[in-house]
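A quick write-up on the structure given underneath.
Residue numbers (UniProt numbering): 1 to 273.
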């Protein structure tokens, strides 16, 4: 049964809606949709086939979930858009389902997607991520846990943004952004580590300094990335954070954003090797 006191909503008979889901007037929920317990769906929301929405989510008016990809290669294949638990999707957000390339678009648990953001096909968004108003993600973008993207940021397809990274508002993100950093300027560049965010999440001063030392070698010593990684492995004490950063850089497909810059002629190449 559906806890739906508003008769003006439409729910397809085959949609799987948990008992205590609230669906407000003028919302349309298509077939092949699953919505789990405790979720609230505001007015004028459209949820297309393939949506899988977790527990205790809040989806605000005007949102469109699991629409077909804006990708000319999409040929009607059956794919999904997965929304985790305790995630909030604000007004007029659009989240497209996946294509045959991956089969799904996924948004994790405890995510906040603010108004007018767009998440394209085959994106993977980790847990505790914040996408501020107007953020736009092209297809196949990967954003790891606890990352924050400032308002009106635009992310190129296939970009990878690491855990705990913070992207300044209005940024054009064309290259991969490693974990734990702050990124801003045009072109997008390293501007320090996300020390405030890390402290809020329980990182000790010792751990923060450890991460800072890694990025000094990587972004501020005028080494190329191959040289910097060799020095980090030789000189920096092993840790999960060190290994995560090294792995991220070595596995980058689009190349890493620029290093620390002071003037036009002091920037470092964005290519990793």
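Don't be surprised by glycine CBs; every beta carbon is placed ideally from N, CA and C.
Fair warning: this is a prediction, and the values are worked out from it, not measured in the lab.
- A buried status is given to residue 188, since no fewer than 16 other beta-carbon atoms sit within 10 Å of its beta-carbon.
- If you ignore the 5 residues before and after residue 25, its C-beta comes within less than 7 Å of the C-beta of 6, 8, 9, 43, all in its own chain and listed in chain order.
- Given a length threshold of 3 residues, each whole run of the beta strand (DSSP E) inside the stretch 27-94 is given here in chain order: 51-53, 64-67, 80-83.
- The Cβ neighbour count for residue 122, taken over all protein chains shown within 10 Å, is at least 16; the residue is labelled buried.
- Every alpha helix (DSSP H) of 4 residues or more that sits fully in the stretch 212-245 is shown, in chain order, as 225-235.
- A Cβ-Cβ contact shorter than 9 Å links residue 147 with residue 126.
- By alpha-carbon distance to residue 95, the top candidate from 46, 102, 64, 88 is 64.
- For residue 197, the secondary structure class from DSSP, reduced to helix, strand or coil, is helix.
- Judged by DSSP in its simplified three-state form, residue 97 adopts coil rather than helix or strand.
- If you draw a 10 Å sphere on the C-beta of residue 90, you find 16 or more other C-beta atoms in it, and that means buried.
- DSSP places residue 146 in no beta strand (DSSP E); its state is neither H nor E.
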